[in-house]
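Counted the way the numbering used here counts, the sequence shown spans residues 2 to 355.
In what follows, a single structure is set out as structure tokens and then discussed.
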Amino acid sequence: MDSIREDIPGNPLYANNKIGQIQEGLSFLVRGEILPNGERFHVDFCAENSSGDIALRLAAVISRNLLGRNTRTNGYWGTAETTSVIPIRLQPGTRFLLQLLITNDAILIAWDGMHVAKYEHRLSCYDIRSIEIRGDVRDIHVEHKLVTDYPQHTEKSKHYVCISNRHAETGIYYAEDYDHHTNEKGDEEAPEETNDDDDDDERPLPLPYYASFPRGFFDLGYSMVLWGRIRSKPQTFRLSFQAGPSIWPQPTVALLLEFQFSLDGNGETDEPIVMRSSFANGRWAEEIKSELLTGLRSNVEFKLKIVRGKRTFEIYLNDKPLTNYPYKVHPKCVDTLLVSGDINLYDIEIEEGD
């Protein structure tokens, strides 16, 4: 894309060629404000050589809500990457928080506290010597330091909710009981974008959605209940019962439950494959995949319930037993539920056991 390859003329708004030793866990936190009529800005990780190589150019195209990525070596640009794992909103006249994390395999990118992209190294990250920022932004502040987890979450976000001790005692959590937070300026956060097929009066919760609770709270007999609707032309949706909300390093996962959709011969959404797995001690357990009768299709509403049993996670769909997953990781480590994928999520409850 020309908007990524084309340099922005003039001196950088920010430049630092004393970023120190590059190593895994080095985080660059960029705070600033997009100009009211802003069109684009670049963040370049530059190598120190005669050909002016750029290990990563992160190019924000404001009008397209796009964070493009590319590498330049010996004067030639590679193939641009423009996809993101969640929709991004780049709004002129607003403040932003951008995080770039160096790992051994890639640079991870977060926008306003949410992970949006992974850019695998095309040029050794150890060749990076400086960072430069140009374009339609102002009031730029950059902090670089080693971190132990990623991303750095914003203090107030609709994507995160914590269950209070009061609700822990009653064993029930309703999403509407919690105040959705405001941004740093005290204004309400911008409304989440929804698909054109969202005809419901009830507004879905923003995805990915993190519900956290005290470790050990999800006790024997407790259950997590979700209400939602499958979106049009789904590919997947997943639930992860895990230790903490981090993306990096990979957290311990007691249960990853994923519904993987495909199309039948007529181009319609077929029954999903139901996958279960877990992650601990640096490795994923072998996936268990099952072809089950779920009735899940495009635009179908559902109720999904996961019960902490004595030896397994017991999984119910629309009040009927669906499957289970034997414990590979003790569920007492779980303090976070992550929900993501091609659904509209309307409510979550945690119910106390009998």
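For glycine and all other residues, C-beta sits at the position ideal for the given N, C-alpha and C.
Note that the structure is a prediction, hence the values are computed from the model and not measured.
Give the range of the beta strand (DSSP E) segment to which Ser291 is assigned. 289-292
Thinking C-beta only, is Leu346 closer than 8 Å to Leu256? At the C-beta level, Leu256 and Leu346 stay beyond 8 Å of one another.
Cβ atoms of Ser131 and Ile55: under 8 Å apart, would you say? Their beta carbons are not under 8 Å apart, which means Ile55 does not touch Ser131 by this criterion.
My guess is that Arg139 and Phe219 are in contact by the Cβ rule of under 8 Å, so how many angstroms apart are they, rounded? Contact doesn't hold; Cβ gap of about 45 Å is too wide.
Along the chain, where does the alpha helix (DSSP H) that runs through Arg96 open and close? Where Arg96 is concerned, there is no enclosing alpha helix (DSSP H), although the beta strand (DSSP E) it sits in stretches over 96-103.
From the DSSP secondary-structure annotation, give me the bridge partner or partners of Leu30. Per DSSP, Gln100, Glu144.
Which of helix, strand or coil DSSP assigns to Ala169: With a pLDDT of 33 at Ala169, under the threshold of 50, the modelled position of this residue cannot be trusted, and the question is left open.
Are the beta-carbon atoms of Phe262 and Gln236 separated by less than 8 Å? yes
Is there contact between the stretch 74-81 and the stretch 89-100, where contact requires at least three CB pairs shorter than 8 Å? no
Measure the alpha-carbon distance for Gly26 versus Thr149 and round it to whole angstroms. Straight-line measurement puts the Cα of Thr149 at about 7 Å from the Cα of Gly26.
Hey, Ile5 and Ala81: beta-carbon distance below 8 Å or not? Going by C-beta atoms, Ile5 is nearer than 8 Å to Ala81.
Whole angstroms are fine: how far does the CA of Asp320 sit from the CA of Val117? 34 Å
Is any heavy atom of the ligand NAP found at a distance shorter than 7 Å from the C-beta of Phe214? Here there are no bound small molecules, and the ligand NAP is not part of this structure.
Status (buried if at least 16 other CB within 10 Å, exposed otherwise) for Tyr360: The requested residue 360 is not part of the displayed model; the chain covers only 2 to 355.
Give the DSSP bridge partners of Arg73, in chain order. Answer by DSSP bridge pairing, in chain order: Ile55, Trp78.
Locate the alpha helix (DSSP H) running through Ile5, then write down its first and last residues. 3-6
Are the stretch 276-289 and the stretch 297-312 touching by the rule of at least three beta carbon pairs closer than 8 Å? no
Considering only the beta carbon of each residue, do Phe280 and Thr253 sit closer than 8 Å? yes
Inspect the CB distances between the stretch 34-43 and the stretch 100-119 and report whether three or more fall short of 8 Å. Not touching, per the Cβ criterion.
What whole-angstrom Cβ distance do Asp45 and Glu133 have, given they're in contact under 8 Å? 5 Å
8 Å contact criterion, which Leu59 and Leu67 should meet: CB distance rounded: Actually they do not touch by this definition, with Cβ atoms about 11 Å apart.
For Ala213, name the three-state secondary structure that DSSP assigns. The question names Ala, but residue 213 is Ser in the sequence shown. Residue state, collapsed to three classes: strand.
Nonlocal neighbours in the same chain, by C-beta distance under 7 Å from Glu121, ignoring five residues either side: Asp106, Ala107
At the level of alpha carbons, what is the spacing between Pro88 and Leu339? 17 Å
Run through DSSP, which three-state label would Asp128 get? helix
Assign Pro322 to buried or exposed, taking buried as 16 or more other Cβ atoms, counted over all protein chains shown, within 10 Å of its Cβ. exposed
Here's the rule: buried if 16 or more other CB atoms are within 10 angstroms of the residue's CB, otherwise exposed. What is Pro215? Pro215 comes out exposed.
Candidates Lys333, Phe238, His43, Ser233: which alpha carbon is nearest Lys311's? The residue among Lys333, Phe238, His43, Ser233 with its C-alpha nearest the C-alpha of Lys311 is Lys333.
Going by C-alpha distance, which of Tyr211, His142, Val143 is nearest Lys157? Comparing Cα-Cα distances from Lys157 to each of Tyr211, His142, Val143, the minimum goes to Tyr211.
Take Lys329 as the anchor and find which of Pro93, Ile289, Leu318, Gly342 has the nearest alpha-carbon. The shortest Cα separation from Lys329 among Pro93, Ile289, Leu318, Gly342 belongs to Ile289.
On a Cα-Cα basis, can you pick out the residue from Arg135, Tyr151, Gly229, Phe314 that is closest to Ser341? Gly229
Given Asp180, which residues of its chain have a CB within under 7 Å of its CB, disregarding the five upstream and five downstream residues? The predicted model places Asp180 with a pLDDT of 35, which falls under 50 and marks its position as unreliable, so this point remains unresolved.
For Met276 and Asp348, the rounded distance between their alpha carbons: Using only the alpha carbons, I get a separation of about 23 Å.
Distance, Cα to Cα, Glu353 vs Leu109? 38 Å
Let me know the secondary structure DSSP gives Lys1 once reduced to three states. Shown here, the chain extends from 2 to 355; a query on residue 1 therefore has no answer.
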